[in-house]
Each structure stands twice: as structure tokens, then as C-alpha cells.
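A.B. asks: Using the numbering used here, the first residue of the sequence shown is number 282, and each one after it goes up by one.
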Amino acid sequence: MVVPDSDLGAGLATPYCPLLAALDIASALAVGGQRGQSLVRAGHIHAAALFLKGETHAIGCAGVTVTDRTCLHA
Numbered sequence: 282m283v284v285p286d287s288d289l290g291a292g293l294a295t296p297y298c299p300l301l302a303a304l305d306i307a308s309a310l311a312v313g314g315q316r317g318q319s320l321v322r323a324g325h326i327h328a329a330a331l332f333l334k335g336e337t338h339a340i341g342c343a344g345v346t347v348t349d350r351t352c353l354h355a
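Take a look at the structure:
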């Protein structure tokens, strides 16, 4: 359930994800990364950050360091 004060509005959200194998996580991030790269190349976005079960994948963020931080408002 998305909290009532969420800024997602009618947007779709995945509030729960079952346990995933490391290979499944890597595969999902790789596919998302490929889509992000295509959106960067097409000029639709400048960058994207993907997060799944504690893993992070950044696209289009040359020179930017991604650090581990606690998400306060995810």
C-alpha cells in the first residue's frame, strides 16, 4: 500500500518485492539500464538511477559518485 501523502498520485508503484536471487537482481538492473541508455541516447532523459533490493545502477551519470545512503522517502 502506498502511503496517503505519496507524490505518486495515480502512478503505479511496487510496494513489495519477494526475495530475489542475485542473478535475477543483476538481470533486472541490466535490462533497466539498457532501457535507460536508450532514453539517454534519444535525448528523453539526462540520467537515471535504478535501485533494487539494495543494489544500484546509474545511467548517464559520468563523473557522479553514487553512495550508499538510507532512503528516507522512497
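Glycine included, each C-beta is placed from N, C-alpha and C at the ideal position.
(1) State the start and end residues of the unbroken beta strand (DSSP E) segment that holds L301.
(2) Thinking C-beta only, is G341 closer than 8 Å to A328?
(3) Between the Cα of G313 and those of L304, C298, A330 and P299, spot the shortest distance and give me the residue it belongs to.
(4) Per DSSP, what are the beta-bridge partners of I340 in this structure?
(5) Taking its Cβ as the centre, do 16 or more other Cβ atoms sit within 10 Å of G317, making it buried, or is it exposed?
C.D. replies: In short:
(1) Here residue 301 is taken as the residue at index 20 of the sequence shown, counted from 1. No beta strand (DSSP E) contains L301, which DSSP labels as neither H nor E.
(2) Taking the first residue of the sequence shown as position 1, residue 328 is located at position 47. Taking the first residue of the sequence shown as position 1, residue 341 is located at position 60. Contact: yes.
(3) Counting from one through the sequence shown, the residue named residue 313 turns up at place 32. Comparing Cα positions, the closest option is A330.
(4) The sequence position of residue 340 within the sequence shown is 59, counting from 1. Beta-bridge pairing links I340 to A329.
(5) Within the sequence shown, residue 317 is the residue found at index 36, counting from 1. Under a 10 Å Cβ-count criterion, G317 is classified as buried, with 16 or more other Cβ atoms of the shown protein chains found around its own Cβ.
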